[in-house]
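So for the sequence shown, this note's numbering puts the first residue at 18; every next one is plus one. Quick reminder that beta carbons are idealized off the backbone N, C-alpha and C, glycines included. Okay, so here's the structure we're looking at.
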Amino acid sequence: MNDDSPRIADVLLPLKLEGPYSYRIPLGMILAPGDYVVAPLGPRSMIGVVWSLRRDAPEGTKLRDVMERFDMAPMTEAHRKFVDWCAAYYLEAPGNVLRMVLRSPEAFGSPREQIAYRISGSPPKRMTPQRARVLEAAREGFAMRAAELAAAAGVGASVVKAMAKEGVLEEVALPALKAFAPPDLNGG
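Pasting the structure below:
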């Protein structure tokens with residue numbers, strides 16, 4: 018970080034707050050407005066959004082460091098302006114409006130492993146037309162999630178899960194889905 022780069026991040030937290038709190042940007046961390054971060058607040062830490070950056074801390078303050086930056090697309094300027102507009106229009110604290118925007122904490126976690134099913138080789142104890150369709154769809158060889166296999170066979174997911182419980186289908190762990198990098202629209 019060079020001397021004229023921002024050293025302070027104003028982070029809006031999803032609480033009934035009238036505005037963002039200031040945090041020090043640790044050495045080596047690069048932040049931009051809209052970045053999702055974890056910031057300390059008392060004994061706990063919270064997910065917040067960098068609202069703005071500046072070089073100098075407010076006079077007479079002792080700042081804590083931003084703890085973590087999420088590697089994900091930042092909240093757009095238009096979205097941040099909308100949060101501010103809603104807060105002003107409804108006479109509500111911007112932090113409360115942000116709380117409504119950040120209602121999905123699982124979006125900040127690591128992608129979860131997916132469970133899929135494929136034919137195990139064990140024949141079913143009893144064959145029904147629905148089970149036959151599931152086996153036909155599963156013969157394509159690709160492991161599929163229960164909902165996908167059920168849709169391909171035209172049956173409910175409960176049929177697929179019952180066949181897995183019986184041992185006709187086996188569970189396979191698929192790698193977690195990872196976000197793709199944004200495309201380079203300039204062809205570079």
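From the options, residue whose alpha carbon lies closest to that of residue i
{"i": "Met15", "options": "Ala104, Glu157 and Gly138", "result": "The requested residue 15 is not part of the displayed model; the chain covers only 18 to 205."}
{"i": "Arg156", "options": "Ile136, Val172 and Gly173", "result": "Ile136"}
{"i": "Met89", "options": "Val66, Glu76 and Arg81", "result": "Val66"}
{"i": "Ser121", "options": "Ile64, Leu58, Val100 and Ile42", "result": "Ile64"}
{"i": "Met84", "options": "Ala95, Val28, Tyr106 and Ala198", "result": "Val28"}
{"i": "Pro31", "options": "Leu44, Trp68 and Gly45", "result": "Trp68"}
{"i": "Thr145", "options": "Arg61, Val177 and Glu188", "result": "Val177"}
{"i": "Val185", "options": "Asp101, Pro23, Leu202 and Arg143", "result": "Arg143"}
{"i": "Pro199", "options": "Pro141, Pro91 and Pro50", "result": "Pro91"}
{"i": "Val100", "options": "Gln147, Leu202 and Glu35", "result": "Glu35"}
Run of the beta strand (DSSP E) containing residue i, from where it starts to where it stops
{"i": "Gly36", "result": "Premise fails: Gly36 is in no beta strand (DSSP E) and is neither H nor E."}
{"i": "Ala160", "result": "It is not in any beta strand (DSSP E) - Ala160 carries neither H nor E in the DSSP assignment."}
{"i": "Ala190", "result": "Leu186 to Leu191"}
{"i": "Arg135", "result": "Gln131 to Ile136"}
Alpha carbon of residue i to alpha carbon of residue j, nearest angstrom
{"i": "Val172", "j": "Val151", "result": "8 Å"}
{"i": "Ala56", "j": "Tyr38", "result": "9 Å"}
{"i": "Met18", "j": "Leu44", "result": "At Met18 the pLDDT is 45, less than 50, meaning the model places this residue with poor confidence and gives no usable figure here."}
{"i": "Leu70", "j": "Arg86", "result": "14 Å"}
{"i": "Ser175", "j": "Ala169", "result": "14 Å"}
{"i": "Lys98", "j": "Ala133", "result": "42 Å"}
{"i": "Glu165", "j": "Glu187", "result": "15 Å"}
{"i": "Tyr106", "j": "Ala167", "result": "47 Å"}
{"i": "Thr93", "j": "Met117", "result": "16 Å"}
{"i": "Ser62", "j": "Gly77", "result": "23 Å"}
{"i": "Leu108", "j": "Leu115", "result": "14 Å"}
Residue i beta carbon near the ligand PLP (any heavy atom closer than 6 Å)
{"i": "Asn113", "result": "In terms of ligand content, the structure shown is empty, and the ligand PLP therefore cannot be addressed."}
Where the alpha helix (DSSP H) containing residue i begins and where it ends
{"i": "Val177", "result": "Ala174 to Glu183"}
{"i": "Leu152", "result": "Pro146 to Ala155"}
{"i": "Glu207", "result": "Since the first residue of the chain shown is 18 and the last is 205, residue 207 is not available in this structure."}
Own chain partners of residue i with C-beta closer than 8 Å, once the 5 adjacent residues on each side are dropped
{"i": "Leu80", "result": "Ile25, Ser39, Tyr40, Arg41 and Ala74"}
{"i": "Ser22", "result": "Arg72"}
{"i": "Leu48", "result": "Pro23, Ala26, Ile42, Val54, Val67, Leu70, Val83 and Arg86"}
Spatial neighbours of residue i in its chain, beta-carbon cut-off 7 Å, leaving aside the 5 residues before and after
{"i": "Lys33", "result": "Ala110, Gly112 and Asn113"}
{"i": "Met46", "result": "Val83 and Arg86"}
is_contact[residue i, chain D] using C-beta, thresh 7 Å
{"i": "Asp82", "result": "Here chain D cannot be found, since the structure has a single protein chain."}
Spatial neighbours of residue i in its chain, beta-carbon cut-off 6 Å, leaving aside the 5 residues before and after
{"i": "Leu191", "result": "Gln131 and Ala133"}
{"i": "Gly51", "result": "Pro91 and Met92"}
### Query
Hey, which unbroken runs of the beta strand (DSSP E) at 3 residues or more fall wholly within the region 28-114?
38-41, 53-58 and 61-71
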